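S.K.: According to our numbering, the sequence shown is numbered sequentially starting from 82.
Positions of the beta carbon are idealized from the N, C-alpha and C atoms, including for glycine.
Bear in mind the structure is a predicted one, so any value in this text is a computation, not a measurement.
Dumping the structure here so I can ask a few things about it.
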Amino acid sequence: MIIIIKSPPYGTESVLGSLFIALSTAEQEIPTQVIFVEQGLYNILPEQNAENLLDIPPISDLIMQFVGLVHFYAIPLDSNDGPSDEKSDLKSETHFSDVWMKTKGNVLPGIKIIQYGQLVEFLEQQPENVLVI
82 MIIIIKSPPY
92 GTESVLGSLF
102 IALSTAEQEI
112 PTQVIFVEQG
122 LYNILPEQNA
132 ENLLDIPPIS
142 DLIMQFVGLV
152 HFYAIPLDSN
162 DGPSDEKSDL
172 KSETHFSDVW
182 MKTKGNVLPG
192 IKIIQYGQLV
202 EFLEQQPENV
212 LVI
């Protein structure tokens with residue numbers, strides 16, 4: 082199962098739901114990768130949380146609990162082999178660059194930084210089980 086998270090943790094609970102889907106599939110011994118891209122990168126900052134009315138722990142806490150069962154990846158905005166989007170406000174920021182993301186403490190531990198080429202490889206290996214949020 083490949084879950085690509087493009088949504089930020091604000092305004093909806095879709096990211097929370099996708100993390101629980103990832104946990105459920107991993108517990109069934111189905112290899113599960115969660116890949117954060119674009120606005121979804123905000124989910125891997127420490128102390129990020131969805132705006133919800135339920136008593137649910139922060140997204141960062143859930144990710145940390147699921148590391149080991151679920152494989153987490155993030156693709157930096159300056160990935161040189163990914164699609165270019167001239168309109169993206171995020172691309173001009175130093176946040177979420179490859180160097181920034183690899184600096185200790187900027188993103189949650191247990192998240193592997195990859196390039197778009199590796200995402201393509203994942204999709205070629207498992208094209209039938211993909212969820213994009």
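(1) Do Ser99 and Ile84 count as a contact pair if the criterion is CB distance below 9 Å?
(2) Starting from the C-beta of Ile111, find all residues in its chain whose C-beta is less than 7 Å away, skip the five residues before and the five after it, and write them out in chain order.
(3) State the CB to CB distance for the pair Ile194 and Asp179, rounded to an integer number of angstroms; the pair is presumed to be in contact (CB under 8 Å).
(4) Bridge partners of Phe117, per DSSP?
(5) Note down, in chain order, each residue of its chain lying with its Cβ closer than 6 Å to the Cβ of Ala107, except the 5 sequence neighbours on either side.
M.R.: The relevant details are as follows:
(1) Mapped onto the sequence shown, residue 84 falls at position 3. Mapped onto the sequence shown, residue 99 falls at position 18. Yes. Within cutoff.
(2) As a first step, residue 111 must be located in the sequence shown, where it is residue number 30. Cβ within range, chain order: Met82.
(3) Working through the sequence shown from its first residue, we reach residue 194 at position 113. Working through the sequence shown from its first residue, we reach residue 179 at position 98. The distance from the Cβ of Ile194 to that of Asp179 is about 7 Å, consistent with a contact at the 8 Å cut-off.
(4) Stepping through the sequence shown from its first residue, residue 117 is reached at position 36. Per DSSP, the beta-bridge partners of Phe117 are Ile86 and Ala155.
(5) Here residue 107 corresponds to residue number 26 of the sequence shown, with the count starting at 1. These residues qualify, in order along the chain: Thr113, Leu150 and Val151.
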